[in-house]
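Trainee: Numbering (our numbering), first residue to last: 2 to 131.
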């Protein structure tokens with residue numbers, strides 16, 4: 002029996018895996034390695050993991066490009082519109098400039114041609130173990 006593996010299914014799996022790994026380990030090296038794997042799998046230019054603070058504001062915890070850390074400036078070169086939408090909806094946000102007729106102002110100004118933003122959440126059992 003074979004199961005068709007589309008991008009949505011793969012991303013859901015990776016999202017769950019990164020959520021589990023991130024909650025189980027200290028430090029950012031494992032998250033960086035996991036993010037490198039996702040970037041490679043999706044043939045992406047870069048990837049950034051954000052953590053929402055107590056106030057709900059996101060902050061970058063790991064940013065990677067070509068298996069190296071992103072600079073602080075590179076971490077800021079994101080569309081906050083995509084990030085905000087994913088955090089508020091709790092759902093995957095996918096953007097492709099070739100399919101969109103009206104990209105957000107930040108996507109247009111930053112020259113973003115494609116983006117995938119997926120919120121990672123901790124389940125209550127994982128969160129309670131601390």
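Note that the Cβ used here is the ideal one computed from N, Cα and C, for glycine as well.
Could you pull out every unbroken alpha helix (DSSP H) segment of at least 4 residues lying fully inside the region 61-122, listed in chain order?
Mentor: If we require 4 residues or more, the alpha helix (DSSP H) runs fully inside the region 61-122 come out as 73-77, 81-90, 106-111.
Trainee: What is the DSSP secondary structure of residue 12, reduced to helix, strand or coil?
Mentor: Mapped onto the chain shown, residue 12 falls at position 11. Residue 12: helix per DSSP, three-state reduction.
Trainee: Going by DSSP, what residues sit across from residue 49 in a beta bridge?
Mentor: Locating residue 49 in the chain shown gives position 48, where the first residue counts as 1. In DSSP, residue 49 forms a bridge with 64.
Trainee: In its own chain, which residues sit with a C-beta less than 8 Å from the C-beta of residue 86, not counting the 5 before and 5 after it?
Mentor: The residue you call residue 86 lines up with position 85 of the chain shown. Counting only Cβ-Cβ distances below 8 Å, and skipping sequence neighbours, we find 94, 118.
Trainee: What residue range is occupied by the uninterrupted alpha helix (DSSP H) comprising residue 38?
Mentor: Your numbering for residue 38 matches position 37 in the chain shown. Looking at the DSSP string, the run of the alpha helix (DSSP H) that includes residue 38 is 30-43.
Trainee: If contacts are defined as beta-carbon pairs under 8 Å, then residue 51 and residue 65 qualify, I think. What distance do you get, rounded to the angstrom?
Mentor: Looking up residue 51 in the chain shown gives position 50. Looking up residue 65 in the chain shown gives position 64. About 13 Å separates the two Cβ atoms, so there is no contact after all.
Trainee: Hey, residue 36 and residue 48 are a contact pair by Cβ (cut 8 Å); roughly how many whole angstroms apart?
Mentor: As a first step, residue 36 is located in the chain shown; it is residue number 35 there, counting from the start. As a first step, residue 48 is located in the chain shown; it is residue number 47 there, counting from the start. Confirmed, Cβ separation roughly 5 Å.
Trainee: Less than 8 Å between the beta carbons of residue 116 and residue 80, yes or no?
Mentor: On the chain shown, residue 116 is found 115 positions in, with the first residue counted as 1. On the chain shown, residue 80 is found 79 positions in, with the first residue counted as 1. It is a contact, given that the beta carbons lie within the stated cut-off.
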